[in-house]
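Chains as they are written, first to last, in this note's numbering: chain A, 122 to 448; chain B, 2 to 437.
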């Protein structure tokens, strides 16, 4: 480049700047047009959580309800934007975008009216409501939170909608591991599921590179480890089994196998789904498990599989995620 | 804002933030290098700001699995940085090696889109981006030293780091603007980021001069000669001091975490702690660089570490509330502003011209590895003693590192008060100590 005069260099720089700016602006314009074409018209029908034997889902990043008996029929789509949602006994939870960077948790009543909302840190991961509709739990991914100076950690909180009491992180709970007290700064929790007593819960706790299934006591602020390699537990309606994702060869990088564990015997059954499932599954009834699968571009679809490991995985709903049974 | 702003130490080769004074007084080449860094940092911080959103929300990947990929690269990029430095010296093509680094990082942006949701592909692209950062830092800093009279190195590095910091500060804002204009489409951010990075490479190619004539072509640099660098006492002492100081520096993440815990700060605001530090760095890098030229680089460098020790002590100190936040972040900003560029200004005159890039890469790599070790050690200390004791021990370690550094680098007692000559030799003639 030494052969060029200053003037020549400035001319080239200006031309390149103009070309690059044109390319950038052109692409932004293209993306905007494409997004406008994709937008689902927000048919703000009067949705409720009572809509018969139905399924609450997130469709096109909005809360929607479909019929259990005819899932391919018309989808009722609400105006409520959600990244994750769940519902039980007339209470729904929705993790909603607040700004481009931040999210809030919204508790909704039967008519999908917000009753409570507050900002939560990080990016949405899991959301659950207890079977009675009283307790709400959520998990987010937060950056720079642990001492591992890069990468993510999780943050899991619980809200009691009756008392308004909020536990912003489970990380302060006292841990009993293999019968002994345990302490470590690297502890992470995710994927809470509640029992019907609104005090006992199950969740995943990761520490020292191992992911444990734990049983927690909310009032006592304690957790006990039960077994390992169980992630994102989901308790069956009858309270006897846990659906979960099991890392293949205990290595999450190799994907997860959707499985069910009997809480009495700890016997694990792999379900008919053989593709990797990264979701906290939902029980549609005592025999059927629903879960979200993702296409490589992130596009979700909901599938079901029998809870006893028989049968085959069946597509339930395309372009939808976060299933929750409405009874 | 999440991944790398919060995490990577500026000393590890991606210096963030700072100043404005004395722009006119730096050479055109330093100004051009600063412009390249500014543009490149806008580009890379745009991606850093949206990467977590893209991975977690766009592709719905589990970031815990992603985080696991991360640590492995530090070692690999450390080696690459050394090799890059050596190749730059051997071929006397510092600009070409730096250009390769900038180009690699620019190409990583569209490749990230092409990687789709394959964790392996994403890991490889991120590795390529890091490799680019590692490759370019040492030749860039070497070019700054070779285009600046030794007595103005502090100012030159200060201005460069300030421009770099402005870019890092603007990046997330640019990403926000693109997201708003492109209906929240992540791919638009990557494409625009690539265009910005390509502009950075263009400015480098057109306006940065390698000044190859300033280094006489007296035979090729050999591996033996490069290895012999560590046998030169002042160089050895400087590398040792850089490693020691790196060992005493705990990760930013820890500092922010402790602040957040103590003040029960809403984690929603957590990323802003890093922004506060950046702002301090950005504003102070140039003035402190100028100060370093006036009163000596060693006092400013050690002053920066004293500020760091004070910040560690404040974490469990008497002050609380907003004053604690402001004071700690300000001290943290002073630390970066007084140490990152100043260390390079200190190193420049000690390293022989023909091995300048290798030497700088050696110091930066040593510090990056020391920093990794210190993060692990502090994690253990936290676990065993609890955060309060651990942070006080860390402050003590900083004080000890300051004392040892002072012993290692203070000016030799007898009469050599003159500043080091413009082109120190590889022979022990370079014994003039660096502190000036």
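Yeah, the Cβ is synthetic: ideal placement off N, Cα and C, and Gly gets one too.
In the three-state reduction of the DSSP assignment, residue 338 (chain A) falls in the strand class, which pools E and B. Per DSSP, reduced to three states, the secondary structure at residue 320 (chain A) is coil, with no helix or strand assignment.
Exposed is the label assigned to residue 296 (chain B), since fewer than 16 other Cβ atoms lie within 10 Å of its Cβ. According to DSSP, residue 345 (chain B) shares a beta bridge with no other residue.
Among the CB atoms of chain A, none fall inside 8 Å of the CB of residue 111 (chain B). Residue 433 (chain A) is not a Cβ neighbour of residue 402 (chain A), given a cutoff of 8 Å. For residue 203 (chain B), the neighbours in chain A by C-beta distance under 9 Å run, in chain order, 133, 134, 137, 138, 141.
Under the DSSP definition of a beta bridge, residue 446 (chain A) partners with A:176. Neighbours of residue 79 (chain B) in chain A, taken as residues at a C-beta separation under 8 Å, are lacking, since the least C-beta distance is about 15 Å. Nearest to residue 34 (chain B) by alpha-carbon distance, out of B:164, B:62, B:79, is B:164.
Listed along chain B, the residues sitting closer than 8 Å to residue 305 (chain A) by beta-carbon distance are 384.
Neighbours of residue 179 (chain B) in chain A, taken as residues whose beta carbon is under 7 Å from its own, are 149 in chain order. The alpha-carbon of residue 107 (chain B) is positioned some 6 Å away from that of residue 199 (chain B).
Along the region 183 to 212 of chain B, going in chain order, the ones with a CB nearer than 7 Å to a CB of chain A are 183, 184, 185, 186, 188, 189, 192, 193, 196, 199, 200, 203, 204, 206, 207, 208. In the DSSP secondary-structure assignment, residue 403 (chain B) is not bridged to any residue.
For residue 281 (chain A), no Cβ of chain B is located within less than 8 Å of the residue's own Cβ. Interface residue (Cβ-Cβ distance to chain B less than 8 Å): residue 294 (chain A) is not classified as such. Residues are counted here when their Cβ sits less than 8 Å from a Cβ of chain B; for the region 409 to 442 of chain A these are 415, 417, 418, 419, 421, given in chain order. The beta-carbon of residue 324 (chain B) is placed no less than 8 Å from the nearest beta-carbon of chain A.
Residue B:116 holds the alpha-carbon nearest to the alpha-carbon of residue 126 (chain B) among B:135, B:134, B:116. DSSP places residue 113 (chain B) within a helical segment (H, G or I) once states are collapsed to three. Contact of residue 334 (chain B) with chain A is not assigned, every C-beta pair being separated by 8 Å or more. A direct Cα-to-Cα measurement between residue 191 (chain B) and residue 45 (chain B) gives close to 10 Å. Taking 8 Å as the cut-off, the Cβ atoms of residue 422 (chain A) and residue 436 (chain A) count as close.
With a threshold of 8 Å between beta carbons, residue 380 (chain B) makes contact with chain A. Note on the region 200 to 241 of chain A: whole beta strand (DSSP E) runs with a minimum of 3 residues are 205 to 209, 212 to 218, 224 to 229, 235 to 241, in chain order. Annotation: the continuous beta strand (DSSP E) that includes residue 244 (chain A) extends over 244 to 250. Contacts with chain B at 8 Å (Cβ-Cβ) do not include residue 258 (chain A). In the DSSP assignment, the residues bridged to residue 381 (chain A) are A:364, A:390. Residue 285 (chain B) has a beta carbon lying at 8 Å or more from every beta carbon in chain A. Only those residues of the region 110 to 129 of chain B whose C-beta falls short of 7 Å from the nearest C-beta of chain A are listed: 117, 118, 120. Rounded to whole angstroms, the separation of the alpha carbons of residue 142 (chain A) and residue 132 (chain A) is 15 Å. Rounded to the nearest whole angstrom, the CA to CA distance from residue 286 (chain A) to residue 321 (chain A) is 16 Å.
For residue 315 (chain A), no chain B residue has a Cβ inside 8 Å of its Cβ, as the nearest lies near 23 Å away.
Measuring C-alpha to C-alpha distances from residue 281 (chain A) to each of A:319, A:363, A:428, A:346 identifies A:319 as the nearest.
Contact check for residue 355 (chain A) and residue 314 (chain A): beta-carbon distance about 5 Å, within the 8 Å limit, so the pair qualifies.
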